[in-house]
Amino acid sequence: MNNNPIGIFDSGVGGTSIWKEIHSLLPNESTIYLADSKNAPYGHKTQDEIISLSLKNTEKLLSMGSKLIVVACNTATTNAIEILRKKYPIPFIGIEPAIKPAALKTKSKVVGILATKGTLQSSLFSKTSELFAHNIQIIEVVGEGLVPLIEENKIETREMDLLLEKYLSLMIAAQIDYLVLGCSHYPYLIPQIKKILPPHVTIIDSGEAVAKQTKSLLEKNELAGPAKNNPTLKFYTNKTTPTLIHLLKDYSQRISISYMDF
Ligand code: DGL
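Taking my numbering, the leading residue of the sequence shown gets 16, the next gets one more, and so forth.
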């Protein structure tokens with residue numbers, strides 16, 4: 016049994032979509048979330064830059080007592096998780112585009128993936144798609160500009176709709192029946208995406224799978240917190256922005272959100 020917090024980081028506010036799944040499955044676990052919004056987006060940075068930001072976030076979470084770390088960012092996972100796992104002795108859980116379930120279920124044999132450039136160009140992503148998607152067509156589209164708009168709290172805007180229409184029209188024309196969201200920011204766009212996609216297209220994101228994996232690794236490593244607990248749920252951002260508060264408004268009575276330079 017271990018009452019230390021689960022550490023979670025993302026390039027910004029998007030990983031809160033993963034935090035919500037983790038908190039819902041593991042309500043007694045304390046958590047510390049780092050939103051590295053000052054350095055968002057990670058998607059266009061070099062692999063070396065993404066690795067050094069991931070190391071910085073990990074060091075911070077370790078200094079705050081994290082017992083396990085969830086890399087709630089596809090770009091950081093696909094570019095840096097192997098290095099984090101080699102360097103630090105605690106368990107890491109990453110998030111990757113859910114190609115496997117989409118590839119297994121698609122009937123049209125065409126699957127769309129919306130993700131950052133950094134994720135789509137990573138060798139980990141290439142390996143996963145070669146492994147699971149060799150007999151289907153994958154339409155990869157970089158969601159250029161989506162993360163900055165979400166970070167600026169411009170989610171339900173005409174600007175966002177226009178970008179989504181542009182990116183999804185390529186996939187609709189190719190007759191996808193599954194859309195994989197390969198960025199932890201994108202679940203916040205699902206209501207708008209649903210309005211654009213034909214109704215038979217299924218949207219898949221990886222949040223629930225990450226939460227289940229977190230639970231299973233906590234149990235396997237005997238790191239789970241006590242069953243009855245009064246968990247602390249702390250969020251830190253290094254950029255003053257109303258977005259984090261907005262996205263977490265349903266939890267405002269139970270969480271704390273603070274500014275911290277990291
Ligand atoms: N949430 C990050 C991801 O899942 C966004 C990447 C970015 O900052 O560009 O990839």
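Ideal placement from N, C-alpha and C gives every residue a C-beta, glycine not left out.
In this text, all values refer to a predicted model and were calculated from it rather than measured experimentally.
(1) Go ahead and pull the three-state DSSP assignment for Lys-122.
(2) Would you list the residues sitting across from Lys-249 in a DSSP beta bridge?
(3) Starting from Thr-217, follow its DSSP beta bridges and name the residues at the other end.
(4) Mind the definition here: the stretch 251–260 touches the stretch 48–66 only if three or more C-beta pairs lie below 8 Å; say whether that holds.
(5) Does the stretch 200–213 come close enough to the stretch 141–152 to have 3 or more Cβ pairs within less than 8 Å?
(6) What runs of the beta strand (DSSP E), each 3 residues or longer, lie entirely inside the stretch 163–207?
(7) Which value, in whole angstroms, describes the spacing of the CA atoms of Gly-29 and Asn-150?
(8) Check whether the Cβ atoms of Ile-33 and Val-225 lie closer than 8 Å to each other.
(9) Buried or exposed for His-38, please, with buried defined as at least 16 other CB atoms from any protein chain shown within 10 angstroms of its CB.
(10) So, helix, strand or coil for Glu-111, using DSSP?
With the structure as the only source:
(1) Coil.
(2) Paired residue(s): Ile-47 and Ser-271.
(3) Per DSSP, the beta bridge partners of Thr-217 are Tyr-193.
(4) In short, these stretches touch, since the Cβ pair count reaches three.
(5) A contact between stretches requires three or more CB pairs, one per stretch, nearer than 8 Å, and the stretch 200–213 fails this requirement with the stretch 141–152.
(6) If we require 3 residues or more, the beta strand (DSSP E) runs fully inside the stretch 163–207 come out as 193–197.
(7) Straight-line Cα distance between these residues: approximately 31 Å.
(8) Cβ distance < 8 Å, so Ile-33 and Val-225 count as in contact.
(9) Around the beta carbon of His-38, a 10 Å sphere encloses 16 or more other beta carbons of the protein chains shown; the residue is thus reported as buried.
(10) Glu-111: coil per DSSP, three-state reduction.
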